[in-house]
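For the sequence shown, UniProt numbering begins at 1 and goes up steadily by one. What follows is a set of notes on a single structure, which appears directly below.
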Amino acid sequence: MDVMGDKATLLETGRFVQPADFSESTGDLSQPMDRDETGEAAEEARQRLAAQTGDVEAMSVLGALLLRRGDLDGAEPHLRAATAAGDRAAANNLGVLLHQRGYAEDAAGWWRIAAVAGSAAAAHALGRHHRERGDEPAAEYWLRQSAEQGHALGAYALADLLEHRGDTGAEQWMRIAAERGHREAAYRLARALDRRLGPEGDVGDDHGAGAEAEQWYRQAAARGHRRAALHLGAILERRGALKEAGRWYLTSAKDGEARAACALGFLLRDAGDTESAAVWWLRAAQDGDGNAANALGALHAERGESQTAERWYRAAMDAGDDNGAYNLGLLCAEQARTAQAEQWYRRAAYAGHREAANALAILLLQGGDTAGAEPWFSKAAEAGSVDAAFNLGILFAGRGEEAVALRWYERAAAAGHTEAALQVGIARLRDGDETEAERHLRCAAGGGSAEAAYGLATVLDARRPPVPAHSLGEPVHAGKSECEEWYERAASQGHRRAQVRVGMLAAARGDVVEAARWYREAAEAGSRNGAFNLGLLLAREGSDPEAAVWWTRAADAGHGRAALRLALVYARRGELAEGQRWADRAVALGPAEVSERAARLRDALREELSA
């Protein structure tokens, strides 16, 4: 068998051909060297002349050339002749030819001959043959022979076999195949590394795995692997490299990857190019991407095109995307088609859509079906819906089951629900656990809750030491404390009590303009305390008529002190009847101290009027 020649020389001639279904990804035969048709014809003619003189290598090359072209009848005699002369490349290619004709066992026989003689390509083909027939030990033996000789396809096939069995050696061979240019191996190696990372590609402590995964995605994508281009785009998008991400999404989308077309659409939408986004979503949706169909539905819904939106939501649902049914429910709910909304919510909820289960529960609760709502809230909460956990807290609190409600509030708060954190903070304050209360109020305030910011400010305010007095009796005012900053945050969000408190703190600092601004803002929003304090401030500045206007507003809203002030104002003006009327009002409104003073004033005015 030593006449079969040197392996490296044979590989350089391009005489080894892979079976059609054993190639890397597309299943095509290995392609011949690039040359124009004239050059190829000249090469064929040259090899034919040499083959006619009995040149074994020429017979083998000519057979491989014809085999690649698909001329099986023309290739077979040349390959058989070269094989008979001991050419191992010809033996391998004869096996490929017979495999294509459907003679798998005959093909395996020739591959065995070539493999024993050292053909890595034949060993790979023989290993694949045995694997297809379920003989994994034999498959592993021959694939390992091929891989150890440096054959990329052999290394990949061996890695695939070992991975299927859960063998830890799979990654080593996948890496070898990838290093030898196998793009599917590069992609699968990247996916394996990716799976070691946290959700959304968070690398955690394993920064090396993240960087290496990206490297292999790049190599596979550069070789035309569309799914690798998709994943590379996703990595870059998370990093904020949106332009490069868009380029890889575009590459993948043009190769027919619907998910990349969908992702590209979202990138374009975020960049403000809705029309281009719609083009890519349409392409992805037509290829069966439910996410893209939902995006198109949402786009048309925003434009008020309800019928078109509904059509795309249905398309998403038909593509197996449960969001389609959920979105149909939302659409129907917006149009007050309650019965249909319930139908679609139920469909999505039964399919496991947690937010649909939550929405269904809310719909049932609004209809008065508390018993029907509770199990859906529970199902949604157990599936991870933070809103459902919060809603369960509200449900149980409404029944007076505070302990159960608190457990659900705590669960929602732990997942970052702002209002739930506020409720836990309030409950902990009520229980006297100020430390836990502060922690939850900080979380809620940080999440944007004005009520939590105000609550946190009051907790901190209660801890503040008394303001030290100046030696001349005037208070010393330092910079703003943390509690003032939280009051201001709540006030800037429209919290009326916080606005009044910020005004009071500003007044204490002597900043009358700032105090008036916050009092006025609170008063105009309906705060009777704000109106009363603004009146006090204006009265001190000598603006009694305007002060009376704000006190009137406060008194009409039920502020007893404001009513007493008005009674005094009118008494001083000599309008005794009007003063008596406001004194009566102050007596009714209270509190006790105010009622007592107002009663004395009222009696005095009555005596004056009757005199």
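We put the CB at the ideal spot given by N, CA and C, even for glycine. Because the structure is a prediction, the values reported are computed rather than measured.
Residue range 370 to 382 is occupied by the alpha helix (DSSP H) that includes Ala381. The Cβ atoms of Trp280 and Leu296 lie no closer than 8 angstroms to each other. Inclusion of His124 and Gly154 in the CB contact set at 8 angstroms is warranted, their separation being smaller than that value.
Cβ neighbours of Ala277 within its own chain (closer than 6 angstroms, five residues either side excluded): Gly265, Leu268, Arg269. Within the model, the alpha-carbon separation for Ala351 versus Gln340 is close to 17 angstroms.
A check of alpha carbon separations from Ala383 across Gly398, Ala403, Ala415 identifies Ala415 as the nearest.
A residue is called buried once 16 or more other Cβ atoms fall within 10 Å of its Cβ, and Ser119 is buried on that count.
In this structure, Leu189 is the residue among Ala220, Leu189, Gln219 with its C-alpha nearest to the C-alpha of Ala209. Here Ala525 is exposed, its C-beta having fewer than 16 other C-beta atoms within 10 Å. If only complete runs of 4 or more residues are kept, the stretch 508 to 555 shows the alpha helix (DSSP H) at 512 to 524, 528 to 540, in order along the chain. Taking C-beta atoms as the reference points, Ala506 and Ala531 fail to come closer than 8 angstroms. Between Ala159 and Trp173 a beta carbon distance of about 4 angstroms is seen, short of the 8 angstroms cut, so the two are scored as contacting. Ala271 sits exposed, since fewer than 16 C-beta atoms from the chains shown fall within 10 Å of its C-beta. The alpha-carbon of Asn291 is positioned some 15 angstroms away from that of Ala301. Pairing Glu419 with Ser449 gives a Cβ-Cβ distance under 8 angstroms. For Arg227, the enclosing alpha helix (DSSP H) starts and ends at 226 to 239. The residues Cys483, Trp486, Tyr487, in chain order, have a CB closer than 6 angstroms to that of Ala457 in the same chain once the five nearest residues on each side in sequence are set aside. Here Arg227 is buried: its Cβ has 16 or more other Cβ atoms, across all protein chains shown, within 10 Å. When secondary structure is reduced to three states using DSSP, Asp106 falls in the helix class.
Between the C-alpha atoms of Gln52 and His78 there is a straight-line separation of about 10 angstroms.
Counting every other CB atom within 10 Å of its CB across the protein chains shown gives Ala515 a total of 16 or more, marking it as buried.
Selection Gly256, Leu299, Glu214 evaluated against Ala245 yields Glu214 as nearest (Cα-Cα).
Glu355: member of the alpha helix (DSSP H) spanning 354 to 366, first to last residue. If you look at Arg175, you'll find it in the alpha helix (DSSP H) that goes 170 to 179. The distance from the Cβ of Ala567 to that of Ala598 is about 6 angstroms, consistent with a contact at the 8 angstroms cut-off.
In its chain, beyond the 5 residues on either side, Trp518, Tyr519, Ala522, Ser527, Asn529, Gly530, Asn533 have a beta carbon closer than 8 angstroms to the beta carbon of Val500. Comparing alpha-carbon positions, the option among Tyr156, Glu179, Ile235 lying closest to Asp194 turns out to be Ile235. In this structure His151 is buried. Its beta-carbon is surrounded by 16 or more other beta-carbon atoms within 10 angstroms. Shown here for Ala81: same chain residues with a beta carbon closer than 6 angstroms to its own, the five before and five after excluded, namely Met59 in chain order.
Ala397 and Ala388 do not touch by the CB rule: their CB atoms are close to 15 angstroms apart, not below 8 angstroms.
Rounded to the nearest angstrom, the Cβ distance from Gly324 to Asn294 is 6 angstroms, consistent with a contact under 8 angstroms. In the structure shown, Gln145 falls within a helical segment according to DSSP collapsed to helix, strand and coil. C-alpha of Glu410 to C-alpha of Ile362: approximately 20 angstroms in a straight line. The beta carbons of His440 and Arg428 sit closer together than 8 angstroms.
Non-local C-beta neighbours of Asp461 in its own chain, meaning closer than 7 angstroms and more than five positions away in sequence, comprise Cys483, ordered along the chain.
With fewer than 16 other Cβ atoms from the protein chains shown falling within 10 Å of its own Cβ, Arg430 counts as exposed.
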